[in-house]
Structures are given as C-alpha cells and as structure tokens.
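Quick mapping for you: the protein sequence lines, in order, are chains A, B and C.
Take 22 as the starting number for the first sequence in the numbering used here and just add one per residue.
Take 436 as the starting number for the second sequence in the numbering used here and just add one per residue.
Take 64 as the starting number for the third sequence in the numbering used here and just add one per residue.
Note that beta-carbon positions come from the ideal geometry of N, C-alpha and C, so glycine has one too.
Predicted model, so just to flag it, every value in this text is computed and none were measured.
Remarks on the structure that follows.
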Amino acid sequence: MSEEARKPAGRKKFELDPKLSEYRGIWVFVEHERGVVHGVSWELMGEGRKLADKLGVELSAVVMGSPADDPRKFCREAFVYGADKCYLIEDALLKNYRNQPFTKGLTDLVNAYKPEILLLGATTLGRDLAGSVATTLKTGLTADCTELNIDAEIRSLLATRPTFGGSLLCTIQTLNYRPQMATVRPRVMAMPQRDESRSGAIIEATLSLLETDIVTKVLDFIPDENSNKVNLAYADIIVSGGKGLKKQENFQLVRDLARVLGAEVGATRPVVQSGWVEAERQVGQTGKTVRPKLYIAAGISGAIQHRVGMDSSDVIVAINSDPNAPIFDFATYGIVGNAMTILPALTEAFRKELHGRKAVVA
Amino acid sequence: MEKFDCIVVGAGPSGNAAAYTLAKAGLSVLQIERGEYPGSKNVQGAILYSDALERIIPEFRDEAPLERHIIEQRMWVLDDDSYIGTHYRSDAFNQKPYNRYTILRAQFDKWFSEKVAQQGVLVICETTVTDLIMDGKRVVGVRTDREQGEVFADIVILADGVNSLLAKKAGFHPELNPGDVALAVKEILFLPQESVESRFNVNEGEGVVIEMIGKITQGMMGTGFLYTNQESITIGVGCMLSDFKKERIPPYLLLERMKNHPAIKPLIQGGEMKEYTAHLIPEGGLRAMPQICGDGWMIVGDSGMFVNAVHREGSNLAMTTGRLAAETVIDLKRAGKDFTSANLASYRSRLDDSFVMKDLAKYRDMPGVFHANPQFFTTYPELLNNAARTMLTVDGGDKKSKEREILRSFTRSRTLPGLLSDAYKMWRALR
Amino acid sequence: MLHIVVCIKQVPDSAQIRVHPVTNTIMRQGVPAIINPYDLYALEEALRIKDKFGAYVTVITMGPPQAENALRKALSFGADDAILVTDRAFAGADTLATSFALASAIGQIEKNMPVDLVFCGKQTIDGDTAQVGPGIAKRLELELLTYISSIESVNAAKREIVVQRRSEGGVQVLKTRLPSLITMLEGSNEMRFATMPNMIRAAKTKVSRWDRVAAGIEDVSNIGLKGSPTVVSKVFAPSPKTVKAEMVQTESNDPQDLAASLLMRMFTKFPQVREEIARSAN
Ligand SMILES: Cc1cc2nc3c(=O)[nH]c(=O)nc-3n(C[C@H](O)[C@H](O)[C@H](O)COP(=O)(O)OP(=O)(O)OC[C@H]3O[C@@H](n4cnc5c(N)ncnc54)[C@H](O)[C@@H]3O)c2cc1C
Ligand SMILES: Cc1cc2nc3c(=O)[nH]c(=O)nc-3n(C[C@H](O)[C@H](O)[C@H](O)COP(=O)(O)OP(=O)(O)OC[C@H]3O[C@@H](n4cnc5c(N)ncnc54)[C@H](O)[C@@H]3O)c2cc1C
Ligand SMILES: Nc1ncnc2c1ncn2[C@@H]1O[C@H](COP(=O)(O)O)[C@@H](O)[C@H]1O
C-alpha cells in the first residue's frame with residue numbers, strides 16, 4: 022500500500038485492460054495444518070460468497086496438501102461453506118508448509134485458471150504465501166484487511182484495512198492488475214452457515230516440482246504446548262483485564278472468573294508489556310481479533326486499538342471505575358466500580374448461578 | 436581513547452551556540468545531549484530575540500522554523516474577572532529585519548542542531564553525562580551512561596540547563612534554592628491560522644505577545660504569558676518554586692484557572708491541546724549566580740543562572756553566553772594558552788562587557804523586592820482594576836468624587852507610607 | 064566473512080498520527096520518527112551473528128533524506144555501513160514497488176561484496192503489510208524465511224542456516240541454504256545499548272545516498288507510483304458504532320447486588336449467553 026492518499030480512483034472513467042478481463046471468479050485459499058482447516062478460510066468463504074454474488078461469478082476454493090492430509094475432505098467442506106468449485110493439488114511435497122512449493126503451486130494455478138480475486142487468511146502462512154505469490158505474479162496485494170467490498174461497475178475489489186497503528190482505515194484498490202489479492206484477519210468476518218446439501222466439481226492440477234528442487238527442508242515441528250489451551254481467537258467466552266487492575270497479583274481475579282466460566286483470559290497491550298500475561302493473550306490491533314459470545318472487560322479503557330480487536334463480540338460487559346471511560350460507548354452492559362471488588366462478586370454470582378442450574382438439572 | 440578539543444554538554448540554545456561557534460573556528464567538538472533529539476526535552480514559551488542568534492548565524496531568518504514576528508506587546512494587570520492594561524503595536528515592528536519571533540522550541544532546536552552538525556560537531560543524543568572526570572582540580576573529560584562511556588577534552592562546557600546536576604556534583608554549584616527558581620507550566624493549543632489571526636487582529640506572519648501579572652498567580656510571585664504561533668497559541672504561567680511549595684497549589688490547576696479567566700478564555704476557545712509541559716526557570720539573577728568557570732570547565736546558559744526574569748529573556752542570554760564562552764576558548768587556543776581558571780577569567784570580562792551582565796546587574800534586587808512584597812500580585816491589580824471600573828461606570832456620580840473614592844481605596848489598602856515605600860522599592864530595583 | 068544486509072524503515076510513531084479532515088492525507092508534521100520497532104529485532108539478530116561468527120553488516124533504507132537519522136542510529140548499535148536509497152521517483156511506492164527498489168539496491172550492494180543474508184522486520188507499523196520481505200526474497204531469488212523466532216546455526220562454510228519459524232500451531236525447524244532472507248519475529252531478542260565509541264563512530268560516518276540510478280534502476284515504470292499496482296482510494300478515521308452501554312446500577316451499588324443485577328438482565332435479554340456459560344463451564 023502506498024502511504025500518500027491519492028486522488029480517489031474512479032473519478033475518471035476507468036477502463037480495464039481487455040487482456041485482464043479474461044480473469045474471472047473469486048478464489049479462497051484453504052489453509053490447513055495437521056488435519057484442521059484454519060477458521061479464517063471458512064470465514065473468507067462466507068465473505069467470498071457475497072462478493073461472488075455481487076460480481077455474478079463463481080466462488081472457488083484452492084486446496085493444496087499431501088495425500089496424508091486427505092485434502093479431498095477439505096474440498097467437500099469448502100462446498101458446504103459455499104464454494105462452487107475446488108482446485109486441488111495433491112502432492113507429498115506439500116506435507117508441511119514451505120514457501121517454495123506452495124508458491125509454485127498457487128502461481129501455476131492462477132496462471133492457468135485466471136481468477137480476478139484471490140483471498141487468503143492473514144495468518145503467518147497466508148502472509149508468507151501471499152507476498153511471494155503477488156511478487157511472482159507482479160500484482161497488487163492488500164494485506165491484513167478488515168473489510169471487503171466490490172465496486173461492481175469496474176469489477177474492482179475494495180479492500181479496507183487499518184493503517185498507522187489502527188488510528189486510520191484506508192481502502193485500497195488494485196486497478197489494472199489481476200488477480201486482485203488480499204489477506205484478511207482471522208475473526209473479522211463472520212463464520213458462514215453450513216449447507217450440507219451443497220457440492221461441486223473438483224479440478225485437479227499437479228505440482229511440477231521434485232523434492233530435490235526444494236532447497237528448504239523441515240527438520241522438525243514443535244507443536245505449541247498449550248496450542249489447544251490458548252485459543253483466544255476462537256474462544257466463546259473471554260474475560261480480559263487491563264491496566265486498571267493496577268498490579269500483577271490482581272490479575273488473578275480475572276483468571277478466577279475465567280476459570281468459573283470456562284473462559285479464555287485476554288488482556289490489553291500494556292498488561293502484556295508489563296509481563297502480567299503471555300503475549301498470545303493480547304487482544305486488539307497488534308494482538309488477536311476475537312468475537313466471543315461474551316466478553317468481560319475489567320479495568321480496560323477501551324482505546325481504539327483494543328476495541329478493533331473485540332467490538333464484534335455478541336455481548337460486552339465492561340467494568341471500569343471511570344464513568345467516562347470510552348469502553349462504555351460500545352459495551353453492552355457497563356458497571357461503574359472498582360474491578361477489584363466487582364470481579365470477585367461476579368465470580369461468586371456466576372458460581373452460584375451454575376450450581377443452581379446443576380441442581381435443577383440433577 | 437577519543438579526545439576532543441571541547442565537549443559541550445547539552446543541546447539547548449546555549450550549548451548549540453557554543454558548539455557551533457567552536458566548530459566554525461575549526462575546533463573538534465563533541466556535543467552530548469540526553470534527549471532523544473535536540474529539542475525533545477526543551478520547553479519554552481518561545482520568544483526568539485533575533486540579535487543573539489544573528490551574531491551566530493546571520494542568515495537564520497531564511498532557514499530557521501520561525502512562527503510569527505511580534506508586532507504588538509500587551510501588558511495586562513488582572514483582577515479576578517477583569518484586567519487593565521496597555522497595548523503597544525507599531526508598524527516599526529513590521530519592518531525587516533524583524534526583532535523578535537515566536538518559535539516552537541522542539542522544531543527550532545532541531546534546526547539549530549542540524550546547523551551545528553553541519554559545522555562538523557559530533558552530536559550525540561540519548562546519552563546522559565553522569566560525571567565530570569577530574570584530574571586533581573582540573574576537569575579533563577566526562578563520563579556518560581553508556582558502556583565505554585568516558586570521553587576526554589581540553590575543555591568541557593556545561594550547557595545542561597537550569598538544574599545542572601553536573602555542576603552540583605562537582606561542587607561548582609550549590610543546591611538550587613527554591614526561592615531562586617520559577618516553575619513554569621505551559622500548553623500549546625492548536626487553533627486554525629484564521630482564528631489566530633482574527634482573534635488577535637493580525638495578518639499572516641504577524642504575532643502578539645501578552646504578558647500578565649496579577650490575581651492569576653493567586654498571590655504567588657510570578658507572571659503569565661500568551662504568545663501567538665502560526666497555527667497555535669502558547670499559554671503559560673510561572674511562579675517561584677518556593678511559593679508553589681508554600682501555597683500547595685498544583686501548577687496545572689493554576690494554568691487551568693488562568694485559562695478560564697474571562698479576558699483569556701475567548702482568545703483560546705476551541706484550542707486543542709498539543710502539549711503540556713513544566714519546566715524550571717532560574718530567576719535568582721546575579722545574586723544567585725554560581726562560579727562560572729574553573730580549570731578545564733565553563734558554564735553557559737540556564738545552568739549559570741543567565742536569565743533576565745523581568746524581561747522574560749533567557750534564550751538570548753543562553754546563546755550569548757554560549758558564544759562568548761566559545762570565543763574565549765578559541766582565543767586561548769589560538770594563543771596556545773592553557774584552559775586554566777586564570778586564563779578563562781576573560782570569559783567573565785567578556786560577559787561584563789555585554790548586555791548580559793549589565794542587565795543582570797540592573798535588576799539584581801528585583802526578585803527580592805517582588806518576593807518580599809506580595810501586594811504587587813494581589814492588592815495592586817485589584818486596586819487598579821477597581822479604579823478603572825469606578826471611573827468608567829457612568830452612574831450619575833461626579834468624576835471628582837470618583838477620583839477621591841479611588842484614592843481612598845488605595846490608601847485604605849496600603850496606607851500612604853506603604854504606597855510610598857512600594858514606589859521607592861520599585862524604583863530602587865529598576866534603577 | 065558473512066555479509067548481512069538489514070532493511071530498516073523510518074516510520075512515524077503511529078500513536079501520534081492524525082488525518083487532515085479536508086485533504087484526507089496523513090499529517091506527519093510534528094510526529095516523531097522512529098525506526099520501525101520490528102526492524103530492531105532484525106538488526107539485533109544480525110549484530111548477534113556478527114558477534115558470534117564475524118560478519119559485515121550493511122543497513123539500508125529507502126525513504127526521504129531525513130531517514131538518514133534511522134541509519135545513523137543503526138550504525139551506533141554496531142552496523143558497519145549504511146545506505147540511504149532516496150529519490151523523488153520512489154514516492155508513492157506500494158509494497159511491490161518498494162520491494163523492487165530495495166531488491167535492486169541490494170543487487171548493487173552485492174556487486175561490491177556478495178550478500179549471504181538479508182534481514183527484514185516482520186512488518187512495519189505504518190504499512191503493516193509484512194510483504195516487503197517476501198517481495199525482496201522472490202526478486203533476488205533468496206530462500207524466504209518469514210516469522211523467524213530464533214537462528215539455531217549459521218554455517219558459512221557449508222552455506223547453510225538452521226532457523227526456528229513460527230507457524231500457526233507451532234514452531235517449524237527449517238534448514239536451508241544461503242543466501243536467504245529472514246523476517247524476524249518480535250520478542251526474539253532485545254536491542255543492545257550503543258556503546259560510546261559506536262555513538263561517536265556513527266556520528267562520524269558518512270551515510271551513502273543512492274538515487275534511482277545508483278540503486279541500479281533505469282526504468283521508472285517499476286518504482287514509485289507507476290510501479291505500484293495498488294491505489295489508495297480512501298483514507299478515513301474509523302467511525303465506530305455509538306450505542307452506549309446499558310449501565311448496571313443498584314440502590315446500594317454494592318458489588319454483590321451489581322453482579323446479581325447484571326446476571327439477571329443479561330440472561331433475560333441474551334439467553335444464549337447463559338446457555339454458552341453452562342456449556343463451557345462444564
Ligand atoms: C500502534 C499501536 C498498537 C496498539 N495495539 C494494541 C492492541 O493490540 N491491544 C491493546 O489492548 N492495546 C493496543 N494499543 C494500546 C492502546 O492504545 C491502549 O494504550 C491500551 O489498549 C490501553 O490499555 P488499558 O485499557 O489496559 O489501560 P489504560 O488506558 O491505562 O486504562 C485503564 C482503565 O482502567 C480503569 N481503572 C482504573 N482503576 C480501576 C479500578 N480499580 N477498577 C476498574 N477500572 C479501573 C481506568 O479508568 C482506565 O479506563 C496499541 C497502541 C498503539 C499505538
Ligand atoms: C516556560 C518557559 C518560557 C520561556 N520563555 C522564554 C522566552 O520567551 N524567551 C526566551 O528567550 N527565553 C525563555 N525561556 C528561557 C529559556 O528557555 C532558557 O533560558 C533557555 O532554554 C536556556 O538554554 P540552555 O541551553 O541554557 O538550557 P536548556 O534549553 O535547558 O538546554 C539544556 C540541555 O541540556 C540537556 N542536558 C541536561 N543535562 C544533561 C546531561 N547530564 N547530559 C546530557 N545532556 C543534558 C538537556 O536535555 C537540554 O537539552 C523560557 C523558559 C521557560 C521554562
Ligand atoms: N522503505 C523501506 N526501506 C527499507 N526496508 C523496508 C522499507 N519498507 C519495508 N521494509 C522492510 O520490510 C519489512 C516489512 O515491511 P512491510 O511490508 O511494509 O510491513 C520491514 O520490517 C522492513 O524490514
């Protein structure tokens with residue numbers, strides 16, 4: 022993205038180079054690791070469906086993997102989440118993610134089938150791959166988007182993303198280049214409904230590459246110890262604490278409430294920077310985007326950089342001693358008070374509530 | 436081990452003036468500044484007096500980031516909800532070369548420092564000088580807070596500002612007496628250029644200064660000020676540190692109240708605060724001045740108490756002392772003489788010949804007078820304002836009676852001998 | 064001796080940015096410029112390799128003349144050489160055009176001394192794209208290693224490097240050849256304090272300035288605005304929804320009462336939250 026805002030595009034009538042108009046359709050790259058598709062791929066499938074319908078084109082999934090991963094299974098899932106077609110490359114070389122074979126496979130597919138829009142998740146894998154593919158294809162790429170739209174008249178992708186640390190948003194277009202590429206943050210788009218009745222055609226392609234052509238070798242993979250524990254982005258209940266908790270010891274109150282609720286613990290950046298919790302728990306612009314059903318924010322001011330990471334939560338409960346704290350401008354429920362006394366009271370109230378229900382059930 | 440002709444500690448106006456002058460004469464100079472960049476730690480309500488800078492960089496007007504040249508000076512004496520004052524505006528101030536400008540120190544210092552670096556000074560920031568390295572009684576270098584942080588020089592110039600810890604540590608400087616320093620708080624309020632110009636009735640590039648005295652300092656010894664910049668207004672108030680301590684008034688509150696004074700509020704309405712800062716100003720004058728040079732060292736600028744509090748001049752004294760110190764060094768160096776205390780004494784005589792010492796000598800009693808007589812900040816502003824109100828209110832009373840009433844109000848508050856003695860004190864101090 | 068090139072960028076401190084309401088441009092005036100924080104991890108890692116194995120470290124930046132300050136700072140940390148690639152023709156570059164220009168300049172550096180490793184930050188805090196690194200790697204045909212959390216070994220003789228790379232669910236241990244390009248993950252190290260001799264050396268060093276031609280670029284169609292496929296069509300401040308929170312208050316405002324009141328109201332209006340809690344608490 023260039024930094025200077027330029028003249029709004031489209032003021033002058035824009036004409037797409039005829040050579041580029043043969044590029045048609047929207048592709049979503051389906052990212053998977055150890056047998057599981059990353060949620061962002063399905064979120065993108067949902068979003069891609071809307072864009073495809075606006076353009077009146079097909080939505081396709083791109084699946085790449087080794088036979089050991091059973092990638093066909095992911096193609097079928099892609100249809101259930103809205104894809105019309107699926108491009109598949111199945112090759113043992115694709116066992117673990119490596120830049121070179123994935124870049125080769127994806128660029129070859131693009132060159133052969135010419136999609137007009139190619140979307141990937143803004144994950145470590147997605148960003149690594151998208152940057153390489155875009156440079157190889159010499160096309161534009163808008164990274165880390167939070168909103169996608171279409172200017173139907175000129176068939177242009179309007180990719181909106183935060184810039185300058187989230188204090189601003191900008192909308193970026195790739196006019197006379199194809200495909201138009203974008204990576205999108207996980208958890209920004211809603212997860213689409215599954216439609217089990219859907220299916221579609223799988224188009225297979227081969228990877229024209231040998232292991233001896235690939236320079237980088239994977240020596241080992243060390244899965245995160247707590248990988249199934251810290252899964253903030255996909256948690257349904259999150260209890261987060263901010264600098265208003267004053268001391269590391271007080272952060273235990275957040276953990277206590279989270280334990281009772283079976284929730285994940287989140288935090289603001291200053292809390293992470295003070296070392297009260299691990300960096301993986303940071304919510305916001307430079308942390309995770311979350312969209313739980315319930316987000317409890319204790320001692321959090323609600324700065325824009327934190328807010329963008331959590332304000333699509335279904336219900337937000339804010340506890341803050343300052344009645345003018347910005348968080349009350351967008352929370353669902355607000356309690357003005359001292360988090361150090363409110364948090365234990367909430368923990369107790371939820372505990373009672375849960376016990377009461379169990380008693381009724383039993 | 437690196438050794439330089441000269442090390443300058445600090446990159447404020449005094450340090451920059453010294454470093455620039457030295458390097459221009461071909462000396463090798465290392466300048467050390469603790470701030471992230473020159474200007475990052477410097478607060479100034481920011482009037483630049485051209486003359487002092489012109490003697491160092493004659494072409495500064497074409498390059499320096501200047502805000503507005505001053506064409507009007509107002510002096511206000513404020514009561515709680517009124518003021519009486521004078522305005523002096525002259526088209527003479529609109530003739531080039533202009534005499535005074537408003538500046539924003541952060542930008543100005545950055546520019547000045549670039550000029551210094553262009554002269555060949557090695558400017559090092561984010562580095563604090565922690566100690567002077569002594570060889571017996573002689574300063575031979577400085578120690579910094581960095582690894583392998585010792586550097587040496589034939590002479591060290593201390594331009595480290597009002598709270599010169601170095602001079603104190605080395606015993607050149609006594610602890611600051613709270614009665615000799617003012618604490619000033621200041622805000623820069625962002626306002627569109629058009630608003631600045633219409634509110635102060637000036638054209639593009641022209642500016643106004645308002646100096647204020649009276650109830651705004653709540654009986655403490657001090658003054659308020661307001662300057663117009665290009666797209667902002669600087670407003671601030673400063674009082675003696677000892678008074679703040681005694682009265683227990685938080686400085687920001689004082690400024691907040693001042694901003695709400697009915698005479699000031701409309702001028703700054705809608706201004707968006709860009710920065711808030713607090714800084715000390717050495718106002719003890721000549722009586723509080725420390726020793727200013729010794730074997731291998733010299734003091735310039737605020738750290739030597741070179742401030743004319745009455746006329747709110749500081750940066751010009753800083754630049755002038757910096758330049759004169761440098762010229763002393765250059766002359767000694769050319770003459771092949773050592774930087775001993777005795778040889779450096781010519782710095783003192785250069786100062787004596789300049790406006791610096793002459794002005795400081797003139798006002799040597801001023802701080803004491805004001806300090807011992809708070810009536811200058813409370814009673815008189817009230818009396819003057821009441822007098823004006825009485826005279827200007829048309830209510831059927833005759834003017835003669837009004838005059839008598841005013842006179843009575845003065846003698847009632849201060850008694851005749853009191854009034855006479857105040858007048859005498861003022862006359863003595865200003866003489 | 065290894066030759067390492069580190070790409071750094073001078074960025075405005077993003078916490079202090081504002082948008083001009085009329086022109087929609089970014090107002091950089093008065094906003095302090097800093098070295099992109101992520102690039103410091105890259106630089107420090109390069110300097111650690113220098114300390115351990117011996118290396119010559121060149122820092123490079125593409126930017127306006129004042130970006131020289133960023134380079135000087137890098138020199139003070141211990142880099143050996145600094146190059147400022149600056150030319151009006153580069154203005155308005157997006158990531159593709161930026162990586163083209165940097166790749167070309169690194170190509171020129173290589174003419175004097177072959178390059179074994181290029182380091183970039185994970186991403187910048189103004190552009191935030193994380194694309195420039197991969198872009199340079201592809202153009203120079205370097206092995207691309209993104210999100211590297213640590214460098215396990217560098218074998219100059221065998222021209223091999225072993226690194227740990229962060230991926231979504233774990234850490235990959237990768238072995239590849241030199242030359243390669245590494246984008247360094249945050250938190251992987253901590254920038255050292257510059258020593259006084261290095262500060263003085265940095266202040267003395269003359270930073271080379273390369274224009275377009277010196278950077279080996281003849282054709283302007285690949286750089287600056289012209290070489291940028293993407294166009295910023297709009298810059299705007301986020302306009303978040305403004306539905307104020309329903310404030311929970313009780314007569315006593317006693318924590319227990321407040322908690323009970325919240326639960327009652329929330330569970331009445333959002334029964335699904337109650338279901339979710341019951342489910343997840345088990
Ligand atoms: C480029 C950039 C990226 C950033 N990225 C992120 C990010 O990803 N995530 C993030 O969170 N931040 C981020 N920030 C920082 C962000 O701007 C804010 O500084 C941060 O979110 C504030 O954290 P906080 O609310 O915990 O602390 P504060 O702003 O200090 O707020 C503390 C709050 O606690 C309240 N409080 C005090 N005492 C009590 C009490 N006893 N009981 C209850 N309430 C109390 C106070 O009223 C206040 O509202 C970023 C900033 C920048 C510049
Ligand atoms: C609110 C206010 C308003 C003013 N208004 C005016 C005005 O309108 N006009 C005017 O002429 N004067 C004014 N003055 C006075 C003027 O600002 C000072 O007299 C002038 O800045 C003095 O310059 P200096 O170089 O001696 O010190 P400073 O400007 O204070 O510079 C000292 C420098 O040394 C650095 N330093 C300190 N210690 C160390 C160390 N140990 N190691 C390394 N570096 C160090 C500091 O970071 C600083 O940059 C005002 C002052 C204030 C506070
Ligand atoms: N103008 C530039 N000059 C030098 N390096 C850059 C420049 N822009 C980006 N980089 C490098 O590329 C990395 C990723 O940048 P970005 O793609 O903008 O997020 C940065 O961390 C830098 O190492």
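Under 7 Å between beta-carbons, which chain C residues line up against residue i? List them in chain order, please.
i: A:ALA352; result: ALA308
i: B:THR579; result: MET259
i: A:GLU374; result: LEU326
i: A:THR156; result: LEU159, SER162, PRO197, GLY198, LYS201 and ARG202
i: B:VAL644; result: In chain order: nothing, as chain C lies at least about 23 Å away.
For residue i, return the contacting residues in chain B, with the cut-off set at a CB-CB distance below 7 Å.
i: C:ILE199; result: Those within 7 Å of C:ILE199 in chain B number zero; the least Cβ separation is about 30 Å.
i: C:ALA266; result: LEU557, VAL558 and ILE559
Ligand 3 and residue i: does any heavy atom of the ligand fall closer than 6 Å to the residue's C-beta?
i: C:CYS70; result: yes
i: C:MET125; result: yes
i: A:THR163; result: no
i: C:ASP102; result: yes
i: C:GLY250; result: no
i: A:ASN271; result: no
i: C:ALA308; result: no
Output, in chain order, the set of chain B residues within a Cβ distance shorter than 8 Å of residue i.
i: C:PHE256; result: ARG581 and GLU582
Does the distance between the C-beta of residue i and the nearest non-hydrogen atom of ligand 1 fall short of 6 Å?
i: A:GLN326; result: yes
i: A:ASN341; result: yes
i: A:GLN294; result: no
Relative to ligand 2, is the shortest distance from any of its heavy atoms to the C-beta of residue i smaller than 6 Å?
i: B:VAL444; result: yes
i: B:SER485; result: no
i: B:GLY596; result: yes
i: B:MET853; result: Checking the sequence shown, residue 853 of chain B turns out to be Gly, not Met. Result no, Cβ not under 6 Å from ligand 2.
i: B:ALA453; result: no
i: B:SER449; result: yes
i: B:SER750; result: yes
i: B:ARG503; result: no
Using the beta-carbon of each residue, which ones in chain C are nearer than 9 Å to residue i?
i: B:GLU437; result: MET259, PRO260 and ILE263
i: B:THR562; result: ALA257, MET259 and MET262
Excluding the five sequence neighbours on either side, which residues of its own chain have a C-beta within less than 6 Å of the C-beta of residue i, listed in chain order?
i: A:ASN249; result: Low confidence applies to A:ASN249: its pLDDT is 49, below 50, so where it sits in the model is not reliable, and the reading given next is rough at best. Result list for A:ASN249: empty, nothing under 6 Å.
i: C:LEU138; result: ALA145, ALA265 and THR268
Could you list which residues in chain A have their beta carbon closer than 7 Å to that of residue i, in chain order?
i: C:ARG229; result: THR145
Would you identify the three-state DSSP class for residue i, choosing helix, strand or coil?
i: A:LYS373; result: helix
i: C:ASN218; result: strand
i: B:PHE625; result: strand
i: B:ILE727; result: coil
i: B:CYS560; result: coil
i: B:ASP544; result: helix
i: A:ASN249; result: The predicted position of A:ASN249 is uncertain, since its pLDDT is 49 and thus under 50; a value taken from the coordinates is nonetheless stated next. Coil at A:ASN249, not helix or strand.
i: C:GLN335; result: helix
i: B:VAL745; result: coil
i: B:GLN466; result: strand
At a CB-CB cut-off below 9 Å, which residues of chain A make contact with residue i?
i: C:ASP102; result: By Cβ distance, chain A contributes nothing, its closest Cβ being about 15 Å from C:ASP102, past 9 Å.
Leaving aside the five residues before and after residue i along the sequence, list all residues of the same chain whose C-beta is less than 7 Å from its C-beta, in chain order.
i: A:VAL209; result: THR167 and THR310
What residues from chain C crowd round residue i, counting only those whose CB sits closer than 8 Å?
i: B:CYS586; result: Contrary to the premise, residue 586 of chain B reads as Val rather than Cys in this sequence. What B:VAL586 touches in chain C: MET259 and ILE263.
Can you check the region 668-729 of chain B for any beta strand (DSSP E) of at least 3 residues that lies completely inside it and give the ranges in chain order?
Within the region 668-729 of chain B, the complete beta strand (DSSP E) runs of at least 3 residues are 707-717.
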